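Asks: Pasting in a structure now, in structure tokens, and then I'll have a few things to ask.
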Amino acid sequence: MRKTVLMIAAALLLAGCQSDEAEPVATETNEAETTAVSDRVTRQRSAPADTPPDRARSQVDPERELPRLQGQFSDPGMGLANLVDGSSPQAFAESLEMIASETSTEQYAELDAALRYLRMYSSAAWSGLPGLYQSLDNMTGEEIIEHARRLQAERRRR
Numbered sequence: 018m019r020k021t022v023l024m025i026a027a028a029l030l031l032a033g034c035q036s037d038e039a040e041p042v043a044t045e046t047n048e049a050e051t052t053a054v055s056d057r058v059t060r061q062r063s064a065p066a067d068t069p070p071d072r073a074r075s076q077v078d079p080e081r082e083l084p085r086l087q088g089q090f091s092d093p094g095m096g097l098a099n100l101v102d103g104s105s106p107q108a109f110a111e112s113l114e115m116i117a118s119e120t121s122t123e124q125y126a127e128l129d130a131a132l133r134y135l136r137m138y139s140s141a142a143w144s145g146l147p148g149l150y151q152s153l154d155n156m157t158g159e160e161i162i163e164h165a166r167r168l169q170a171e172r173r174r175r
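Each residue of the sequence shown is one higher than the last, beginning at 18 in the numbering used here.
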């Protein structure tokens, strides 16, 4: 009889201890999983994708890539009459931003196409974009477009 009582007491003791230990472990595990999941979510939300597209476009390094901008007017503007400052890549990017703010989308698209054509086919761009910028220094947007058209016509004649 002693053995039976001892066995029952041991079983109850083990059952009581096991249920107490299981809950805190499970709670700690759930808290750790929740924290890990919330950390993942937090990291995903703080990604730089939250920056506006205009700001991301202006952060392009002008020494390595032409800035991608768009005209701001719905009607044709006078922005193509502005002079381009080719003294440095940053000054060139700033002058393009000023031109974009004073031109229509179609006007700036024409200037952008001319700049990209000159980047590919102008000998001034062979040494890099700063060389192209210097060759376009003190030209207006209209003159840059005309310069690209002349170069394109020369290449077609060959």
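Beta carbons are placed, not taken as given, at the ideal position from N, Cα and C, and that holds for glycine. Since the structure is predicted, the reported quantities are computational estimates derived from the model, not experimental observations.
Please report how far the alpha carbon of arginine 85 lies from the alpha carbon of glutamate 119, in whole angstroms.
Replies: Straight-line Cα distance between these residues: approximately 15 angstroms.
Asks: Kindly confirm or deny that the region 137-156 and the region 121-128 touch, where touching means at least three C-beta pairs closer than 8 angstroms.
Replies: The region 137-156 vs the region 121-128: no contact.
Asks: Can you give the Cα-Cα distance for alanine 66 and arginine 136, rounded to whole angstroms?
Replies: In this prediction, alanine 66 has a pLDDT of 39, which is less than 50 and means its spatial position is unreliable; nothing more can be read from the coordinates.
Asks: Which residues in the same chain have their Cβ closer than 7 angstroms to the Cβ of serine 144, if we skip the five residues on either side of it in sequence?
Replies: Same-chain partners within the cutoff: there are none.
Asks: Counting along the chain, where does the alpha helix (DSSP H) carrying proline 147 start and finish?
Replies: Run containing proline 147: 146-152, per the alpha helix (DSSP H) assignment.
Asks: Got a sec? Which residues, its chain only, sit under 8 angstroms from tyrosine 125 by beta carbon, not counting five neighbours each side?
Replies: Excluding residues within five positions, the ones whose Cβ falls inside 8 angstroms are Leu86, Gln87, Gly88, Gly96, Ile116 and Ala117.
Asks: Between alanine 165 and tyrosine 134, how many whole angstroms is the CB-CB distance? I'm expecting something under 8 angstroms.
Replies: Between tyrosine 134 and alanine 165 the Cβ distance is about 5 angstroms, and since that is below 8 angstroms, they are a contact.
Asks: In the DSSP assignment, find the alpha helix (DSSP H) that holds glutamine 107 and state where it starts and stops.
Replies: Taken as a continuous stretch (DSSP letters only), the alpha helix (DSSP H) holding glutamine 107 covers 106-118.
Asks: Measuring CB to CB, does proline 147 end up less than 8 angstroms from glutamine 107?
Replies: No; because the gap between Cβ atoms is not below 8 angstroms, this pair is not in contact.
Asks: Here's the rule I'm using: 16 or more other beta-carbon atoms within 10 Å means buried, otherwise exposed. How should serine 29 be labelled?
Replies: The question names serine, but residue 29 in the sequence shown is leucine. So leucine 29 counts as exposed.
Asks: Would you kindly work out how many angstroms separate the C-alpha atoms of proline 70 and serine 140, rounded to a whole number?
Replies: Residue confidence for proline 70 is low, a pLDDT of 43 falling below 50, so the modelled location carries little weight and cannot support an answer.
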